[in-house]
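Residue numbers (the working numbering): 1352 to 1675.
#1: How is the alpha helix (DSSP H) around residue 1609 delimited, first residue to last?
#2: Quick one: grab the DSSP three-state call for residue 1413.
#3: Is the beta carbon of residue 1511 less than 8 Å from the beta carbon of residue 1410?
#4: Which runs of the beta strand (DSSP E), 3 residues or longer, sit entirely within the stretch 1559–1640?
#5: In this structure, how does DSSP classify residue 1397 when only helix, strand and coil are distinguished?
#6: Rounded to the nearest angstrom, how far is the Cβ of residue 1660 from that of residue 1654, given a contact under 8 Å?
#7: Is the beta carbon of residue 1528 less than 8 Å from the beta carbon of residue 1431?
#8: Out of 1497, 1624, 1519 and 1668, state which residue places its alpha-carbon closest to the alpha-carbon of residue 1479.
#9: For residue 1594, tell me which candidate among 1471, 1457 and 1567 has the shortest Cα-Cα distance.
#10: What span of residues does the beta strand (DSSP E) with residue 1556 cover, start to end?
#11: What's the C-alpha gap between residue 1473 and residue 1582?
#12: Note down the Cα distance separating residue 1638 from residue 1652, rounded to an integer number of angstroms.
#13: Classify residue 1427 as helix, strand or coil using the three-state DSSP reduction.
#14: Tell me whether residue 1658 sits in a helix, a strand or coil according to DSSP, three-state version.
#15: What are the boundary residues of the beta strand (DSSP E) that includes residue 1514?
#16: Would residue 1623 pass as a contact of residue 1648 if the rule is Cβ separation under 8 Å?
#17: So, helix, strand or coil for residue 1448, using DSSP?
#18: For the beta strand (DSSP E) that contains residue 1477, what are its first and last residues?
#19: Round the Cβ separation of residue 1635 and residue 1669 to the nearest angstrom and send it over; I've been treating them as touching at under 8 Å.
#20: In angstroms, rounded to a whole number, what distance separates the CA positions of residue 1352 and residue 1502?
#21: Less than 8 Å between the CB atoms is what I'm expecting for residue 1442 and residue 1403, so what's the real figure, rounded?
#22: Start and end of the beta strand (DSSP E) containing residue 1465?
#23: Could you work out which residue in 1466, 1471, 1487 and 1465 is closest to residue 1455 when comparing CA atoms only?
#24: Going by C-alpha distance, which of 1656, 1633 and 1628 is nearest residue 1645?
#25: Under a three-way DSSP split, which group does residue 1668 fall into?
#26: With a CB to CB cut of under 6 Å and the five nearest residues on each side skipped, what residues in its chain are close to residue 1678?
#27: Here's a check: name, in chain order, each residue in its chain whose Cβ is nearer than 8 Å to the Cβ of residue 1445, leaving out the five neighbours to either side.
#28: Report yes if the C-beta distance between residue 1490 and residue 1388 is below 8 Å; otherwise report no.
#29: At what residues does the alpha helix (DSSP H) containing residue 1366 begin and finish?
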């Protein structure tokens, strides 16, 4: 008689609980070795080469990608390819992060010899703190787990999860050490919804010939032409230095027509709103949208710290990016 198939839900829960227990066990053993590893990585003046074999190699690709996206340039170095020529990718200012469950992977140990001769620092993540790799690394972090989630105890599951989690911990600790901010993250993720949400005002503002700009003394006939040709429903008003004096909007024009018998003869300075709302180019685009929505306006003038006009950002520019 054949066995009754096990519930996939029960299997999934067992696997998830096993992997969660593995991470908790690794966290409980965390010691000064982790802090020393972060110190070494923070001092790196080159790149971080992350190397492993098999499933560990796949984990290494993810660790390298996370490091790179959080401000620490890194690349995956396949251990087998490394000992057949790719070690030439390593520079004198680089650092090696080697991953091996057993700590006895021959290709990794061959890399160990090269790093020792070249004086390249080596950090290892191993499942056996008494292994050859762990003993000879400058710093070893113990990522060992008692058992795999695989019912046969063969497929790397809990061990790879724990190692990947430790890689994340290193990347985030290093990111915080370097003072990496959301604005920096945006520059590494220019595409996709994440990059769009982290775009800066400077990425979307109208500048140069597209920036509506008139002098304080400009007559309203020319002001209207400037506003029409630039198509933003407004223009900035600046002094001789390019510093912001005010803005004139479509609403200002309507109010001017109601109160003045000869509006075209007036100068921009006589018709402008002298206290326009502004923002700086380094602010996130989301901050610009929030400010416009709170104030119920459609544009902001982008100014420097010296109040010089650098651009204009319009609410339509934000909507067109489909970032929200």
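Glycine included, C-beta positions come from ideal geometry on N, C-alpha and C.
Short version:
#1: 1601–1610
#2: helix
#3: yes
#4: 1564–1566, 1585–1589 and 1595–1600
#5: coil
#6: 6 Å
#7: no
#8: 1497
#9: 1567
#10: No beta strand (DSSP E) contains residue 1556, which DSSP labels as neither H nor E.
#11: 58 Å
#12: 13 Å
#13: strand
#14: coil
#15: Unbroken run through residue 1514 is the alpha helix (DSSP H), 1509–1529; no beta strand (DSSP E).
#16: no
#17: strand
#18: 1473–1477
#19: About 11 Å separates the two Cβ atoms, so there is no contact after all.
#20: Annotation note: pLDDT 46 at residue 1352 (below 50); position unreliable, no value reported.
#21: Between residue 1403 and residue 1442 the Cβ distance is about 20 Å, and since that is not below 8 Å, they are no contact.
#22: Residue 1465 -> not in any beta strand (DSSP E); alpha helix (DSSP H) instead, spanning 1457–1469.
#23: 1487
#24: 1628
#25: helix
#26: Past the boundaries of the shown model lies residue 1678; the chain is included only from 1352 to 1675, so the question cannot be answered.
#27: 1395, 1397, 1398, 1399, 1400 and 1471
#28: yes
#29: 1359–1379
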